[in-house]
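First up is the structure itself, then whatever we jot down about it.
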Amino acid sequence: MKPQLLVYVPPHPLIKHWLSVAREAATPSVLFRSAITELGRWLTYEATREWLPTQESVVQTPLAPCPATFINSQVPLAVVPVLRAGLGLWEGAQTVLPLASVYHLGLTRDEKTLEPSCYLNKLPEKFAPETRVLIADPMLATGGSIMATMAELTQRGVEPALTRIVCVIAAKPALQRLNSTYPQLVVYSATIDENLDHQGFIVPGLGDAGDRIFGT
Ligand code: PRP
């Protein structure tokens, strides 16, 4: 059977709350930024289940030896925030993944063609084998930016099956594109929206995440 893209929408009250704060047009920039930070924290917490490698050990409690499980810090772990808006998610994600290496990718969507162009690429030439990669970008709209991100990563040795995407709103067109090329991927999103308008904005969405985070 052909693998299918997995998209999780964690049914957590904190995720629903902060998504609602972010969607509200009257939310000021400072609170919007907090909402995206909180979503980054809780979505990353959810996304790291059965993904962060662990190792078994034994600890000595004050009373007795006891089996213990630790994060295996030998396995390379990378986070790729897609600028600018991905920085907002990373703000919260770093509290969950303080030891991850962070590789910035700056993409911006052309307002007319909707095609992404890259203005900053701090990815390594090659990722170490077995690297777990978490991509942070609040919006998957037409899917152009996330497809460009995946192309940059896979040509540097990243395995889609070890990659997770954390986003706030995933629109159906982007999920369809991801599924057709990278069905082994797993996406964690606060919600899924059906449609885009003629300018490529997600409807109802939350507007321009980058502009709202940075007050531009
Ligand atoms: C937004 C968003 C995604 C992209 C999604 O970024 O953060 O990266 O658009 O659109 P797509 O799926 O149609 O490619 P934008 O280009 O507005 O840049 P910004 O984060 O700097 O605001």
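Counting from 0, one number per residue, gives the positions in the sequence shown under numbering that gives the first Met the number 0. Backbone N, C-alpha and C fix where the C-beta goes; we use that ideal spot for every residue, glycine too. It should be emphasised that the depicted structure is a prediction, and the values quoted were computed from it without experimental measurement.
- Under DSSP, the beta-bridge partners assigned to Leu139 are Ala169.
- In the displayed model, Glu55 falls within a strand according to three-state DSSP.
- Note on the region 75-141: whole alpha helix (DSSP H) runs with a minimum of 4 residues are 85-95, in chain order.
- Beta-bridge partners of Pro9 (DSSP): none assigned.
- Lys121 and Leu104 have their C-alpha atoms spaced approximately 6 Å apart.
- Cβ contact annotation for Leu119 (same chain, cutoff 8 Å, sequence separation greater than five): Leu82, His103, Leu104, Gly105, in chain order.
- Going by DSSP, Phe31 is part of no beta strand (DSSP E) but of the alpha helix (DSSP H) stretching over 28-46.
- Ala189 sits in a strand when the DSSP states are folded into three classes.
- Here Met0 is exposed: its Cβ has fewer than 16 other Cβ atoms, across all protein chains shown, within 10 Å.
- Rounded to whole angstroms, the separation of the alpha carbons of Gly209 and Thr215 is 8 Å.
- Counting only the Cα atoms, Ile201 lies some 8 Å from Glu193.
- Under the DSSP assignment, Phe213 falls in the alpha helix (DSSP H) whose first and last residues are 208-213.
- The shortest CA-to-CA distance from Thr107 to any of Glu90, Ala84, Ala160 is the one to Ala84.
- A straight line joining the alpha-carbon of Ala173 with that of Pro66 spans about 43 Å.
- With a threshold of 16 other beta carbon atoms within 10 Å, Phe69 falls short and is exposed.
- Short note on Leu184: C-beta not closer than 6 Å to any heavy atom of ligand 1.
- In this structure, the beta-carbon distance from Phe126 to Arg163 does not fall below 7 Å.
- Taken from the Cβ of Thr107, at least one heavy atom of ligand 1 lies inside 6 Å.
- Apart from sequence neighbours up to five positions away, the residues of its chain that approach Leu205 with a beta-carbon distance below 6 Å are Ala21, Arg22, ordered along the chain.
- Where Ala160 is concerned, there is no enclosing beta strand (DSSP E), because DSSP gives it neither an H nor an E.
- By the neighbour-count definition (other C-beta atoms within 10 Å, threshold 16), Ser28 is an exposed residue.
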